[in-house]
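Have a look at the structure below, then the notes.
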Amino acid sequence: MMGKKIFVTFLFLTGLTFSNCGLYDDDCNCPPVTGVYFDIRGIESLVHHRKIPNTNSAPPMGDGETVPFDEYYGVLINYQLDYISQRKQEKPFFGSSGQLMACSCVNNGDAGAKTEKLKSVTVITLNDFNTQYSAGDTLNDLITLQGQPLEGYLQSTRNELIKYQNLTLGLSEAPETNPEYRVKVIVELDNGETFERESPTVIIQ
13 MMGKKIFVTF LFLTGLTFSN CGLYDDDCNC PPVTGVYFDI RGIESLVHHR KIPNTNSAPP
73 MGDGETVPFD EYYGVLINYQ LDYISQRKQE KPFFGSSGQL MACSCVNNGD AGAKTEKLKS
133 VTVITLNDFN TQYSAGDTLN DLITLQGQPL EGYLQSTRNE LIKYQNLTLG LSEAPETNPE
193 YRVKVIVELD NGETFERESP TVIIQ
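Numbering (my numbering), first residue to last: 13 to 217.
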């Protein structure tokens, strides 16, 4: 009998918790959300970043700045996006212990791309890089994407919707022939859309 009472009490409290968990937009003081999904419309910018030693900071660099190779973080692809599929924020609710649970705000694009997958990324050097790669050559073999070899990343995510609103293209070797590092990046999506943009110049020493 005691076990039955405990079970009924558990069901009651669980049901109470679920019944208090709703989706509202006026109780959490969350920022306005246009849409939790995004649609890629182009490449907004390519921005070089440098690593600050002994920190987690990687600030942007300006055109023509100089950076040691071991402090070069990479070039960030910032997509031009439309945000779609608006969703409301979750209202605070009381858990089974009676404790007030926190709001959970969502931000624009948190859920990733609505339909798009990444098919290819091509990085072309605009200056002579070394004896193997001249201006106009594809540098993909020397490029990392989100910390992985570029082609390996593309293979591992080819069946996945795009998760990130930007991508970081790292560099596995320093330029030798010309320290001025400037590239053209071409992004192709699985729906046939192709976008390209040229980066500013940084001097890698």
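Every residue, glycine too, gets a C-beta built ideally from N, C-alpha and C.
In this text the structure is predicted, and so the values were computed from the model without any measurement.
- By the Cβ-count criterion, Ser168 is exposed, with fewer than 16 other Cβ atoms from all chains shown falling within 10 Å of its own Cβ.
- Take the alpha-carbon of Thr206 and the one of Val135: they are about 13 Å apart.
- As computed with DSSP, Tyr49 is found in a beta bridge with Ile96 and Gly124.
- In the DSSP annotation of this structure, the continuous segment of the alpha helix (DSSP H) that includes Ser168 starts and ends at Leu162 to Thr169.
- Distances from the CA of Ile198 to each of Leu151, Gln158, Ser69 and Pro44 were compared; the closest alpha carbon is that of Leu151.
- Arg209 places its beta carbon less than 7 Å from that of Ile55.
- Boundaries of the beta strand (DSSP E) harbouring Ile215: Val214 to Ile216, taken from the DSSP string.
- Around the beta carbon of Phe81, fewer than 16 other beta carbons sit within 10 angstroms, so the residue counts as exposed.
- Judged by DSSP in its simplified three-state form, Leu138 adopts coil rather than helix or strand.
- Taking C-beta atoms as the reference points, Thr180 and Gly121 fail to come closer than 7 Å.
- Per DSSP, reduced to three states, the secondary structure at Asn119 is coil, with no helix or strand assignment.
- Gly47 counts as buried, since at least 16 other C-beta atoms from the protein chains shown sit within 10 angstroms of its C-beta.
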